[in-house]
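Chemist: To convert, take the position in the first sequence, counting from 1, and add 31; that gives this note's numbering.
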Amino acid sequence: MTQFQASPPPETLCPARPSVKITLVNQGFQRPISVYLALQKRLAAHLRTLLKSKYDLDIENLPIEIPPDLRFGELATPIALQLARSLRKAPKIIATEIVESIGALEGFAGFEVAGAGYINARLDRSTGVKSIAAADLAQHSPKSPLHALVEHTSINPNKAAHIGHLRNAILGDTFVRLLRAAGSKVDIQNYIDNTGVQVADVVVGFLHLEGKSLDEVRQIVAGCEQRAAASGRPADAIDFYCWDLYARTSQWCTSGTGEENAARKQVRLDTLHAIEHGGNETAAVAELISTAVLRRHLETMLRLDIEYDFLPRESEILHLKFWDAAFEQLKQTGVLYFETEGKNKGCWVMTRPGAATEPVQDQDGPKGTDEDAKVIVRSNGTVTYVGKDIAYHLWKFGLLGKDFGYKPFFTYPNHECWISTMHGEAAHPHFGGAQAIYNVIDSRQSDPQANVIQALRGMGHTAEADRYTHFSYEMVALTPRCAIDLGYNVPEEDRSRAYIEVSGRKGFGVKADDLIDKLIAATLDEVNKRQTGRDQAEREKIARQIAIGALRYFMLKYTRNSVIAFDFKDALSFEGETGPYIQYAVVRARNIFRKGDTTADAVLAEFAQLAPDTIAELLARVENQDIWALWLSAARRSLVLEQSLTASEPAYLAKHAFQLAQEFNNFYHRHHILNEENPALKTLLLATAAVALRELIVVLGWLGIESPEAM
RNA sequence: GCGCCCGUAGCUCAGCUGGAUAGAGCGACUGACUACGAAUCAGUAGGCCGGAGGUUCGAAUCCUUCCGGGCGCACCA
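1. Runs of 4 residues minimum, wholly inside the region 623 to 647: which ones carry the alpha helix (DSSP H) assignment?
2. Closer than 8 Å is the cut-off here; do at least three beta carbon pairs connect the region 82 to 94 with the region 148 to 155?
3. Can you look up F462 in the DSSP assignment and give me helix, strand or coil?
4. State yes or no: is the C-beta of W659 within less than 7 Å of the C-beta of L650?
5. Please determine if the region 537 to 548 and the region 268 to 285 are in contact, where contact requires at least 3 C-beta pairs separated by less than 8 Å.
6. Where do the ends of the beta strand (DSSP E) carrying T442 lie?
7. Quick one, are the C-beta atoms of P681 and F206 less than 7 Å apart?
8. DSSP state of G236, grouped into three classes?
9. For the putative contact between G580 and E330, defined by C-beta atoms under 8 Å, what is the C-beta separation to the nearest angstrom?
10. Assign H454 to one of three DSSP states: helix, strand, or coil.
11. Taking I9 and R583 to be in contact with their CB atoms under 8 Å, please state how far apart those CB atoms are, rounded to whole angstroms.
12. Just to check my reading of the structure: F353 and A422 have Cβ atoms closer than 8 Å, yes? What is that Cβ distance to the nearest angstrom?
13. Kindly list the residues whose CB is nearer than 6 Å to the CB of E143, restricted to its own chain and excluding five residues on each side of it in sequence; keep chain order.
14. Taking the alpha-carbon positions, what's the L550 to L333 distance?
15. Can you tell which of E256, F271, D355, A231 has the C-alpha that lies nearest to the C-alpha of R299?
16. Return the chain-ordered ranges of every beta strand (DSSP E) run that is complete within the region 496 to 539 and spans a minimum of 3 residues.
17. Report all residues from its chain with a CB closer than 6 Å to the CB of E456; omit the five preceding and five following residues, and keep chain order.
18. Please state whether DSSP places G310 in a helix, a strand or coil.
19. What is the DSSP secondary structure of T400, reduced to helix, strand or coil?
20. How many angstroms separate the CA atom of P710 from the CA atom of I646?
21. Which residue from P384, L319, G735, A357 puts its Cα closest to that of L245?
22. Alpha carbon to alpha carbon, how far is N411 from W379?
23. Can you give me the start and stop residues for the alpha helix (DSSP H) that V722 sits inside?
24. Look up L746 in the DSSP assignment and say whether it is helix, strand or coil.
25. Could you check the C-alpha separation between K686 and R409 for me, to the nearest Å?
26. Run the CB neighbour count on Y277, radius 10 Å, all protein chains shown included, and call it buried at 16 or more, exposed below.
27. Between the Cα of N19 and the Cα atoms of R475, I337, D401, which residue gives the shortest distance?
28. DSSP state of L180, grouped into three classes?
29. Thinking C-alpha only, which one of D434, I194, T629, E740 is nearest I573?
30. Ends of the alpha helix (DSSP H) at D204?
31. When you compare only the Cα positions, how much space is there between G365 and D598?
32. So, does the region 293 to 312 touch the region 553 to 562, judging by three or more C-beta pairs under 8 Å?
33. Please name the residue or residues paired with E606 in a DSSP beta bridge.
34. With K190 and V324 assumed to form a contact (beta carbons below 8 Å), what rounded beta-carbon distance in angstroms separates them?
35. Return the CA-CA distance between I186 and G141, expressed in angstroms with no decimal places.
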């Protein structure tokens with residue numbers, strides 16, 4: 032543009048941000064107080080009345096965005112561009128007309144036309160900064176319109192948890208924290224399929240491959256418990272033992288000569304049926320193993336600060352005959368019908384979601400049969416997985432008319448986790464009957480999930496179907512390099528692929544506890560180098576906080592639809608876009624107050640006494656634009672929370688935390704806060720650090736990441 | 001064959017109801033520790049946003065189509 036641009040314009044000092052849109056959609060979440068949201072709403076309302084009186088226009092969704100750069104102001108609208116056609120005027124002329132008659136608006140310093148016809152709004156910086164400093168954004172009213180139920184983790188209780196399960200649990204646990212931050216009451220469930228083929232496989236392993244009796248299995252479990260307790264090594268525990276046994280059994284079941292293979296498959300099937308039926312030695316082994324492994328899963332997740340309220344089990348869904356109650360309802364509402372023709376003859380079936388939009392009212396005959404229908408009850412009278420899932424989800428919404436028995440299972444520091452049982456304790460909390468449910472299940476299960484939703488809708492439960500969210504995410508895979516490093520035999524044709532799917536069946540994957548141990552060891556190394564003045568217990572605590580922060584952030588920074596190609600190099604990194612980077616920003620901010628012998632609260636109290644004119648003058652200076660930008664970022668917390676919730680995307684908040692940390696680190700380098708000689712400026716700098724610190728701690732907390740005192 | 005997801009810098013990913021000059025991290029190359037700790041910061045290089053059409057004042061974003069990759073589509077659980 033200009034050829035004589037000797038020095039960069041002052042505007043380039045402010046960090047450029049992508050243009051961000053503000054949505055007004057509220058999907059049943061409580062809207063938190065936010066400086067940004069309040070100003071946006073005020074501006075939108077003001078412009079709407081202006082457009083009505085000036086042009087007689089009713090604009091429902093008036094677009095207001097956060098411009099990509101501070102030199103365009105703090106809020107902007109492209110409304111003039113949109114109106115150009117209907118008003119048959121150039122956008123710039125419309126924008127000018129609007130700005131000329133816009134008048135004064137509380138909180139705003141002025142408006143101007145820019146670019147092709149944008150209307151940019153500038154905030155009154157001193158009042159903006161004061162309200163951000165004062166806003167205790169965590170203080171929403173605690174009552175919530177929606178009682179939510181989040182189901183996550185749901186690992187088959189037959190082997191150790193792996194990194195894929197970690198993504199599930201961390202996503203689910205973080206989403207719970209976000210819902211609670213927005214004021215919702217949330218129950219956390221972890222569904223336990225203790226009667227499926229996976230458990231059956233391990234039971235086959237114990238009984239047939241290893242030839243153990245129930246008593247011997249009991250001894251193995253007890254031995255594992257003792258060894259693991261003594262050594263503190265997860266590798267000694269029962270879930271690791273089962274990991275290998277499961278892989279061996281899977282191999283056994285799918286190998287052998289034709290005759291042998293058939294016999295082995297039959298053994299597996301018989302075992303499965305014995306477990307489902309219950310009341311026999313095989314079922315007792317299954318119960319023993321699945322319960323011991325489940326306990327290990329809860330311990331593993333507790334290392335990541337992940338807890339549960341209730342563990343509904345498949346065995347109770349079977350034995351309490353949830354399906355019978357659901358079957359009646361499904362027949363009465365016509366969702367299920369008995370097929371008399373075609374390949375599904377003799378089955379109870381339902382139409383699939385994608386299929387014919389209207390039930391085809393064909394003439395009876397071969398053409399009227401829906402060959403693509405989903406079988407719910409087999410011709411032999413047994414129910415399929417989807418059928419049981421429909422029953423379970425009717426219970427979740429309180430529509431089944433039956434309930435579990437409940438007994439305590441696992442004690443957390445602050446509460447009890449309950450498990451389903453046939454005949455439970457008389458006094459117990461009530462689960463189920465939620466208004467909104469979120470199922471954290473990987474995207475491979477979207478078809479069965481859609482079937483359940485379809486069934487609910489067909490039964491007339493449309494409100495429930497609308498509040499049923501399949502919180503889907505892509506899998507965690509291994510890079511070929513990582514797989515080779517772990518010692519797996521990777522076929523030549525797979526080595527050029529971007530990633531290879533993990534498989535519990537093949538025993539191919541990275542175990543959760545192993546990864547956590549590696550992370551803690553690596554962080555402890557770093558802490559030992561830096562924290563020479565602290566005792567061992569303190570160092571270990573810090574190392575654990577950093578390791579968990581690294582792991583949780585690693586799993587949260589990817590959006591749900593992206594496949595994570597796992598590599599130890601990335602997961603063990605503590606630099607750049609990582610949890611420790613954000614935690615380090617917190618530690619630096621804390622150190623300022625420690626060295627300055629003051630506190631964030633004291634600083635903010637002092638800041639409140641500063642004259643508005645003084646603040647306005649300081650924030651207008653060219654060299655202080657980054658400070659104002661940091662305040663604006665800090666003010667975006669509840670805005671981002673809302674976007675995160677409506678999109679069911681925790682990654683938005685993870686990115687926000689990182690950006691905030693990045694801006695703070697930049698600010699930290701540019702301004703020598705404690706040495707600042709101008710007292711007013713020093714107060715402003717300290718207040719900036721205080722607000723950044725407050726925001727970082729809160730957002731990290733929402734992500735389930737602790738803020739260490741030192742690192 | 002049908003359905004869903006993905007394709008943006010050397011690599012890994014953001015870019016959220018279409019909007020101003022497409023952004024990070026890693027890796028590479030230059031610099032900055034006598035300041036509140038360098039797990040940090042500043043800078044340089046690196047992009048026909050898979051291809052082609054279309055809608056629009058305006059497209060990485062919406063539509064169509066093709067190409068490439070992944071995952072699902074059982075009376076299994």
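Beta carbons are placed, not taken as given, at the ideal position from N, Cα and C, and that holds for glycine.
Predicted model, so just to flag it, every value in this text is computed and none were measured.
Modeler: Result, derived from the coordinates:
1. 631 to 639
2. no
3. coil
4. yes
5. yes
6. 436 to 442
7. It is a contact, given that the beta carbons lie within the stated cut-off.
8. Correct three-state label for G236: helix.
9. In fact, because the Cβ distance is near 20 Å, the residues do not count as touching under 8 Å.
10. Assignment of H454 by DSSP, reduced to helix, strand and coil, places it in the coil class.
11. Outside the displayed span of the chain (32 to 742) sits residue 9, for which this structure offers no information.
12. 4 Å
13. N151
14. In this model, L550 and L333 are separated by some 16 Å (Cα to Cα).
15. A231
16. 499 to 504, 507 to 509
17. Contacts found: K438.
18. coil
19. coil
20. 12 Å
21. L319
22. 11 Å
23. 710 to 733
24. Beyond the ends of the chain as shown, which are 32 and 742, falls residue 746; an answer cannot be given.
25. 48 Å
26. buried
27. Lying before the first or after the last residue shown, residue 19 is absent from the chain, which here runs from 32 to 742.
28. strand
29. E740
30. 194 to 212
31. 50 Å
32. no
33. The partner list for E606 (beta bridge, DSSP) is empty, contrary to what the question assumes.
34. 7 Å
35. 56 Å
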